[in-house]
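Numbering (full-length UniProt numbering), first residue to last: 1 to 304.
Structure first, commentary second.
Spelled out as structure tokens, the structure:
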């Protein structure tokens with residue numbers, strides 16, 4: 001009996017060890033993404049492909065802490081950012097956004113404008129203003145009508161048919177589009193595939209042959225073995241999953257309410273007040289008794 005108990009304990013320990021060895025953090029979880037960007041080499045490699053320059057052309061990337069503070073509520077919604085300043089003064093705000101938030105476009109423009117305006121103080125010349133780039137890595141589809149997984153947005157002079165200024169720029173990377181026949185620069189898509197990676201094998205394969213991605217993969221492995229970091233990661237992942245679940249529940253309830261038409265609501269109320277029998281209400285709604293009973297249950301459930 002004792003031998004069997006000891007054997008089960010050993011087997012459970014082995015299974016737990018195997019699970020720990022297989023575990024790796026997913027870069028698409030914003031907390032993990034931000035931790036990866038703390039490595040100057042990783043930042044340099046990623047920013048180089050965004051700017052379409054060679055990494056050696058980027059002298060330095062300075063990670064600015066809390067320069068653009070986001071509201072605590074936004075962190076709950078899966079929005080964490082990395083604010084970087086290049087040696088030439090160009091500022092880049094990079095965020096991994098887990099899912100769509102209301103007024104997404106307005107919010108994006110607000111933070112880009114805030115970053116640009118934040119460079120200058122009262123009395124200083126406008127000549128000191130440097131280019132600002134807002135980079136949004138999205139784990140959802142913002143533009144479902146096309147296959148472009150990567151796009152850049154500028155101010156455009158419609159009359160002249162050319163770019164008005166390059167001082168403000170938006171870059172958008174839609175990770176889910178990689179599952180389709182996505183269109184975009186291969187070097188950018190390589191990084192996107194890494195950010196989208198779901199397991200050790202996939203991440204290692206994507207990183208192979210790219211020294212910057214290989215370095216990011218090594219950081220991922222180390223972070224995943226760090227018990228404290230793993231707890232932080234799992235807490236963040238749980239918060240995101242909880243928020244997504246709550247939003248999905250709210251969406252379904254809204255959809256269910258929308259399914260019940262105004263006339264049907266009145267019939268349900270008359271039935272609930274015993275002014276109509278189930279059969280009479282079903283007949284008025286042009287439904288079978290069973291269909292109307294299910295509609296009543298749906299209405300009651302959606303109001304919970």
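By construction, the Cβ of each residue, glycine as well, lies at the ideal position given by its N, Cα and C atoms.
With 16 or more other CB atoms across the displayed protein chains lying within 10 angstroms of its CB, residue 264 is buried.
Annotation for residue 61: 40, 43, 44, 47, 84, 86 place their beta carbon closer than 7 Å to its own, counting only its chain and skipping 5 residues before and after. C-alpha of residue 202 to C-alpha of residue 34: approximately 20 Å in a straight line.
Contact between residue 189 and residue 149 holds: CB atoms are separated by about 7 Å, below the 8 Å threshold. Per DSSP, the unbroken alpha helix (DSSP H) holding residue 42 starts and ends at 40-51. Minimum Cα-Cα distance from residue 142 among the listed residues 101, 246, 24, 211 corresponds to 101. Under the three-pair Cβ rule at 8 Å, the region 147-162 counts as touching the region 170-178.
Distance from residue 267 to residue 276 at the Cβ level is roughly 7 Å; contact confirmed, criterion being Cβ atoms closer than 8 Å. Within the DSSP secondary-structure output, residue 151 pairs in a beta bridge with 172. Pairing residue 233 with residue 26, the inter-Cα distance amounts to about 9 Å.
Inclusion of residue 194 and residue 207 in the CB contact set at 9 Å is warranted, their separation being smaller than that value. If you look at residue 206, you'll find it in the alpha helix (DSSP H) that goes 200-207. A check of alpha carbon separations from residue 154 across 99, 109, 182, 192 identifies 109 as the nearest. Residue 211 counts as exposed, since fewer than 16 other beta carbons sit within 10 angstroms of its beta carbon. A Cβ-Cβ distance of about 7 Å is found for the pair residue 221 and residue 24, placing them in contact under the 8 Å criterion. In the structure shown, residue 240 falls within a helical segment according to DSSP collapsed to helix, strand and coil.
At a Cβ-Cβ threshold of 9 Å, residue 159 and residue 134 do not count as neighbours.
Taking the Cα positions, residue 226 is about 14 Å away from residue 22. In the three-state reduction of the DSSP assignment, residue 81 falls in the strand class. Residue environment for residue 274: exposed (fewer than 16 other C-beta atoms within 10 angstroms of its C-beta).
For residue 224, the number of other beta carbons within 10 angstroms of its own is at least 16, and it is reported as buried.
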